[in-house]
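Undergrad:
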Amino acid sequence: MTAKTLALAQSITNRTNGGDEKSILTKRRALSRAITLIESRSYHHIQQGDLLLNYLIEANLKVEAEAQKQNNENCHSNNINDNSRPSFRIGIAGAPGAGKSTFIE
Numbered sequence: 027m028t029a030k031t032l033a034l035a036q037s038i039t040n041r042t043n044g045g046d047e048k049s050i051l052t053k054r055r056a057l058s059r060a061i062t063l064i065e066s067r068s069y070h071h072i073q074q075g076d077l078l079l080n081y082l083i084e085a086n087l088k089v090e091a092e093a094q095k096q097n098n099e100n101c102h103s104n105n106i107n108d109n110s111r112p113s114f115r116i117g118i119a120g121a122p123g124a125g126k127s128t129f130i131e
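For what it's worth, this note's numbering labels the leading residue of the sequence shown as 27, then goes sequentially.
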């Protein structure tokens, strides 16, 4: 992963408590760049997009595991299957003809 792509991934996964306009704008720009990188048909961009997605998935798994651990510590009874993996959902929205179906293929 290039330094630029790593910085992009870290910007997306940065979990600051501040909801100030600057941090929101920074995250929005990072997400826009990530989408552009992932949608690109350039061989180099495809490689970097794959690495970026893998990084983001691993970062999400760590966050979910920490949240589950805290939840388990706070609960006396645990009904969660230990073999289950945390999941996340990605929503893709846009105007008709924007390329949503092309993006998910």
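Cβ atoms here follow ideal geometry from the backbone N, Cα and C, with glycine treated the same way. These numbers come from a predicted model, not from an experiment.
Between R55 and chain B, is any beta-carbon pair separated by less than 8 Å?
TA: Absent from the structure: chain B. Only one protein chain is present.
Undergrad: Are the segment 43-58 and the segment 73-82 in contact at 8 Å, needing three or more beta carbon pairs?
TA: Because the criterion of three Cβ pairs below 8 Å is not met, the segment 43-58 and the segment 73-82 do not touch.
Undergrad: Can you name the start and end residues of the alpha helix (DSSP H) that D56 belongs to?
TA: The residue asked about is misnamed: residue 56 is Ala in this sequence, not Asp. Judged by DSSP secondary structure, A56 falls within the alpha helix (DSSP H) whose first and last residues are E47 to E65.
Undergrad: Once you ignore the five residues that flank K126 on each side, which residues in its own chain have a CB closer than 8 Å to its CB?
TA: Excluding the 5 residues flanking it on each side, K126 has same chain C-beta neighbours closer than 8 Å at I118, A119 and G120, in chain order.
Undergrad: DSSP three-state call for N40: helix, strand or coil?
TA: In the structure shown, the three-state DSSP call for N40 is coil.
Undergrad: State yes or no: is the C-beta of L82 within less than 8 Å of the C-beta of A35?
TA: yes
Undergrad: Looking at C-alpha atoms only, which residue of M27, L78, A91 and N97 is the closest neighbour of I38?
TA: L78
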